[in-house]
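Asker: The structure under discussion is supplied below as structure tokens; questions concerning it will follow.
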Amino acid sequence: MSNGSAGRAARSLVRPDGETSGTAPLRTFLHTADGISIDSVYDPGPVVYDTSPSPADHPVFVVAHGFTGDVDRPHVRRVVRVLARYGAVVTFSFRGHGASGGRSTVGDREVLDLAAAVGWARSLGHTRVATVGFSMGGSVVLRHAALHRDAEGTDAVISVSAPARWYYRGTAPMRRLHWLVTRPAGRLVGRYGFRTRIHHRDWDPVPLSPVEAVPRIAPTPLLVVHGDQDGYFPVDHPRMLAEAAAGHAELWLEPGMGHAEHAAADPLLTRIAEWTAARLRESG
Numbered sequence: 025m026s027n028g029s030a031g032r033a034a035r036s037l038v039r040p041d042g043e044t045s046g047t048a049p050l051r052t053f054l055h056t057a058d059g060i061s062i063d064s065v066y067d068p069g070p071v072v073y074d075t076s077p078s079p080a081d082h083p084v085f086v087v088a089h090g091f092t093g094d095v096d097r098p099h100v101r102r103v104v105r106v107l108a109r110y111g112a113v114v115t116f117s118f119r120g121h122g123a124s125g126g127r128s129t130v131g132d133r134e135v136l137d138l139a140a141a142v143g144w145a146r147s148l149g150h151t152r153v154a155t156v157g158f159s160m161g162g163s164v165v166l167r168h169a170a171l172h173r174d175a176e177g178t179d180a181v182i183s184v185s186a187p188a189r190w191y192y193r194g195t196a197p198m199r200r201l202h203w204l205v206t207r208p209a210g211r212l213v214g215r216y217g218f219r220t221r222i223h224h225r226d227w228d229p230v231p232l233s234p235v236e237a238v239p240r241i242a243p244t245p246l247l248v249v250h251g252d253q254d255g256y257f258p259v260d261h262p263r264m265l266a267e268a269a270a271g272h273a274e275l276w277l278e279p280g281m282g283h284a285e286h287a288a289a290d291p292l293l294t295r296i297a298e299w300t301a302a303r304l305r306e307s308g
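For the sequence shown, my numbering gives the first residue as 25, with consecutive numbering after it.
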């Protein structure tokens, strides 16, 4: 795992239709430290930054989607619309997903993708950056916070519906996911059914697990969010993460909530945004 520079943004920028304000988002391809192109979008939120105050006065949320998601998926754009009421938002497609290059390593080298996105957010002038991850993205934001204490680091971490440990097969959805990742036929389904290109090689070495990463995150504020009806990872996963934080993390077990972005209702996303804004104000 490389902890070097996250790379750079491509020169050309595209402005798609605005979602949350009169200022249109920017779209570009970032380049990771290992040379993967990452499709990325910056939404400035409700504030027009060519007037006072500057981006440095406003937080930015960097959103890490779940496995088989991408920057254009409706459930990802819904997350953006809620968070953009509270600050700018950077979204991106992990490697192997959507229009990004490379192949998915299912949470390993995706840390470099997130580091590139965080570095881009800071290059746009934001001094307060929060990472918000869902499912696979939730494990990535935890590992990123533990491994990157540099310019590509974060000031607050929110992990939603994340696993605590690797190779979990205790639920039917996770057994199906392992088939998708480990079998040639499954990877074909991933490519043509979910627009997700999955690497055929096993991890070597096995990356730092989320539960091993959590103790390294302090003093950065950490919020762990999980539904008590999550069909992928039961509640022992968030409890393990919170316990590993030794009192540093805040744990929200959400009654009736399922898994990841699809299950994160707008009121919950609003609470997450408000929690994050408060922690960033305190740290700033």
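Where is the CB? At the ideal position from N, CA and C, for every residue including glycine.
Please report how far the alpha carbon of H82 lies from the alpha carbon of L204, in whole angstroms.
Answerer: 40 Å
Asker: Helix, strand or coil for F53 per DSSP?
Answerer: strand
Asker: Am I right that D67 and V104 are in contact with their C-beta atoms under 8 Å? What's the rounded C-beta distance?
Answerer: 6 Å
Asker: In this structure, does DSSP put F218 in helix, strand or coil?
Answerer: Correct three-state label for F218: helix.
Asker: Any idea if D252 is buried or exposed, counting beta-carbon neighbours within 10 angstroms, 16 or more meaning buried?
Answerer: exposed
Asker: If we count the other Cβ atoms within 10 Å of its Cβ and call it buried at 16 or more, is R167 buried or exposed?
Answerer: buried
Asker: Does the segment 174–192 come within contact of the segment 145–165, defined as at least 3 CB pairs closer than 8 Å?
Answerer: yes
Asker: Are G217 and M160 closer than 8 Å when you measure CB to CB?
Answerer: no
Asker: Residues in the same chain with beta-carbon distance under 8 Å from V259, minus the five sequence neighbours each way, listed in chain order, please.
Answerer: H250, D252 and L277
Asker: P229: which of H261, R200, T129 and A302 sits nearest, CA to CA?
Answerer: T129
Asker: Starting from L148 and walking both ways along the alpha helix (DSSP H), at which residues does that stretch end?
Answerer: First-last for L148: undefined, no H or E at that position.
Asker: Out of A145, T115, V106 and V164, which one is the CA nearest neighbour of V238?
Answerer: Nearest option by C-alpha distance: V164.
Asker: As a quick exercise: from G93, V65, G126 and V135, pick the residue whose alpha carbon is nearest that of V114.
Answerer: V65
Asker: Would you mind working out which of V235, I241 and A288 sits nearest E267, comparing C-alpha positions?
Answerer: V235
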